[in-house]
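Numbering (the working numbering), first residue to last: 6 to 142.
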């Protein structure tokens, strides 16, 4: 892949994230530094970086694709309230392909494991809202 200054900017901006942002978020952040960058350029470069395995494109979240600077195979958790995407450090997931291969009539080439629930921040916000509602009742 040929070098591109804008691709490098997109990758640098994504690498500063732990929250798996969308292309729109990356674009908004880059726009402050480089007013000439377009949303199409950000999308194109994120797609190319994902295609060559430098980053991960996460399409399991309803709505827009999210991007992960960690290209290694790993598990994710998606919050059902805020749609936040978080990494789950589960070494047990590494053996799932081999375990599944014992039960599948074919060849297992990989898996995507995503947990759903409510993140800590949303739980705390919900508890605070519930407490305030209880006090009013």
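Built from N, CA and C at the ideal position, the CB exists for glycine as well.
Within its chain, find whatever has a CB closer than 8 Å to the CB of residue 42; leave out the 5 residues flanking it on each side and keep chain order. If we look at residue 42 and ignore the five residues flanking it on each side, its Cβ neighbours are 11, 14, 32, 35 and 36.
Please work out which residues of its chain come closer than 8 Å, Cβ to Cβ, to residue 55, disregarding the five sequence neighbours upstream and downstream, and give them in chain order. 61, 62 and 72
Using only the heavy atoms of the ligand ZN, determine whether one of them is closer than 7 Å to the beta carbon of residue 51. The ligand ZN is not part of the structure shown, which contains no ligands of any sort.
So, with DSSP's three-state summary, where would you put residue 139? Confidence is the limiting factor: at residue 139 the pLDDT is only 38, short of 50, which leaves the residue's position unreliable and the question unanswerable from this model.
Rounded to a whole number of angstroms, what is the C-alpha to C-alpha distance between residue 18 and residue 110? Cα-Cα distance, rounded: 43 Å.
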